[in-house]
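S.K.: Here you go, one structure.
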Amino acid sequence: MTRPIIEVEDLSYKYARDSVLEQVSLKVPEGAFLALVGPNGSGKSTLLKLILGLLRIQTGTIKLFGEDIRQFTNWDKIGFVSQKANSFNSGFPASVLEVVQSGLTKKIGLFKFPGKEHRKKVLEALESVGMLDFKDRNVGELSGGQQQRIFIARALVSEPELLILDEPTVGVDSKNVHQFYELLEVLNKNMGITLILVTHDVGTVTNIVTHVACLNKRLHFHGDANKYHSLDEKELSSIYGHGVQLLSHNH
Numbered sequence: 049m050t051r052p053i054i055e056v057e058d059l060s061y062k063y064a065r066d067s068v069l070e071q072v073s074l075k076v077p078e079g080a081f082l083a084l085v086g087p088n089g090s091g092k093s094t095l096l097k098l099i100l101g102l103l104r105i106q107t108g109t110i111k112l113f114g115e116d117i118r119q120f121t122n123w124d125k126i127g128f129v130s131q132k133a134n135s136f137n138s139g140f141p142a143s144v145l146e147v148v149q150s151g152l153t154k155k156i157g158l159f160k161f162p163g164k165e166h167r168k169k170v171l172e173a174l175e176s177v178g179m180l181d182f183k184d185r186n187v188g189e190l191s192g193g194q195q196q197r198i199f200i201a202r203a204l205v206s207e208p209e210l211l212i213l214d215e216p217t218v219g220v221d222s223k224n225v226h227q228f229y230e231l232l233e234v235l236n237k238n239m240g241i242t243l244i245l246v247t248h249d250v251g252t253v254t255n256i257v258t259h260v261a262c263l264n265k266r267l268h269f270h271g272d273a274n275k276y277h278s279l280d281e282k283e284l285s286s287i288y289g290h291g292v293q294l295l296s297h298n299h
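Below, the structure written as structure tokens:
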């Protein structure tokens, strides 16, 4: 049996008096590609922050790699990519190489110079996302799609087993979105990295992910992507709280 990378049990969370998550339980098996979907304000970002240890658990439990999150220390096993392409400062004076290398700061140490083995890892990470030829470019000169590839390389350079991406295609044009999803497939299928993708692009991702979790305070669906794809508009509308029109995309 495939071991669970993440185990969430009866997780609830409130901001002041506002309930954001209510008794959420889910497991993410090793090697899975999970799409986390749901309407705005459904608790997706809060769930991510709890999994990443950025918020303290109020009710329930989270285990990472079989260990209670309160004792978990091996954060290098987890990579995170946010919506940086939508808000990145185009004038930021750093090369692609420097940005990716910053993902090794913890291993290299502050104010220390990287060694040959660190540079090798950086180049390998850039090659894995198809951006090796851009290593000497200023990261601010790149397109949104290219920047997101760089941020993925930055997350990959520490060789994580789990990669979490929070709506990474925000600000990326449709052509590059397609290529971006192809990259995620390669990372999952060829490199064996477990992925969690927070997205609103439901119609596209159901063709590339293995599992779907649909969150709206409570977990309304959690299972195989094919089963999610078979839900009708009425069932989806009850989850989202408003009318949903299904769109099918050929990947």
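Quick note on our numbering: the sequence shown kicks off at 49 and runs consecutively.
Beta carbons: idealized from backbone N, C-alpha and C, even for Gly.
Note that the coordinates shown come from a computational prediction; the quantities given were computed from them, not determined experimentally.
Please state the DSSP three-state secondary structure of residue 128.
M.R.: Strand.
S.K.: Helix, strand or coil: how does DSSP classify residue 142 here?
M.R.: Residue state, collapsed to three classes: coil.
S.K.: Could you tell me the distance, in whole angstroms, from the CA atom of residue 116 to the CA atom of residue 73?
M.R.: Straight-line Cα distance between these residues: approximately 15 Å.
S.K.: Using a Cβ-Cβ cutoff of less than 7 Å, which residues in the same chain neighbour residue 76 once the five nearest sequence positions on both sides are dropped?
M.R.: 52, 53, 54, 82, 242 and 244.
S.K.: Would you mind working out which of 186, 56 and 142 sits nearest residue 109, comparing C-alpha positions?
M.R.: Closest by alpha carbon: 56.
S.K.: Are at least three pairs of beta-carbons, each pair with one atom in the stretch 162 to 174 and one in the stretch 211 to 231, less than 8 Å apart?
M.R.: Short answer: they don't touch.
S.K.: Let's see if you can read the secondary structure: which residues bound the beta strand (DSSP E) around residue 83?
M.R.: That run of the beta strand (DSSP E) goes 81 to 85.
S.K.: Do residue 201 and residue 173 have their C-beta atoms within less than 8 Å of each other?
M.R.: Yes. Within cutoff.
S.K.: Under 8 Å: do the stretch 82 to 102 and the stretch 251 to 262 share three or more Cβ pairs, one atom per stretch?
M.R.: Yes: the two stretches touch, three or more of their Cβ pairs being nearer than 8 Å.
S.K.: How long is the line joining the alpha carbons of residue 260 and residue 182, rounded to whole angstroms?
M.R.: C-alpha separation (whole angstroms): 34 Å.
S.K.: Pick out whichever of 178, 131 and 188 has its Cα sitting closest to the Cα of residue 147.
M.R.: Checked all of 178, 131 and 188; the closest Cα to residue 147 is 188.
S.K.: Using a Cβ-Cβ cutoff of less than 8 Å, which residues in the same chain neighbour residue 208 once the five nearest sequence positions on both sides are dropped?
M.R.: Only 124, 125, 126, 127 and 241 meet the Cβ criterion.
S.K.: If you reduce the DSSP assignment to three classes, tell me which class residue 175 lands in.
M.R.: It is helical.
S.K.: Look at the alpha carbon of residue 230 and the alpha carbon of residue 178, and state the distance between them as a whole number of angstroms.
M.R.: For residue 230 and residue 178, the distance between alpha carbons rounds to 11 Å.
S.K.: In chain order, what residues of the same chain have a beta carbon less than 6 Å from the beta carbon of residue 263, not counting five sequence neighbours either side?
M.R.: 86, 90, 91 and 92.
S.K.: In or out: residue 64 buried (at least 16 other Cβ within 10 Å) or exposed?
M.R.: By the neighbour-count rule (16 or more Cβ atoms within 10 Å), residue 64 is not buried but exposed.
S.K.: Note down the Cα distance separating residue 282 from residue 195, rounded to an integer number of angstroms.
M.R.: Rounded to whole angstroms, residue 282 to residue 195 spans 38 Å at the Cα level.
S.K.: From residue 184 to residue 58, what does the alpha carbon distance come to, in whole angstroms?
M.R.: Those two C-alpha atoms are separated by around 47 Å.
S.K.: Measuring straight from C-alpha to C-alpha, what distance separates residue 269 and residue 144?
M.R.: So the alpha carbons of these two residues sit roughly 39 Å apart.
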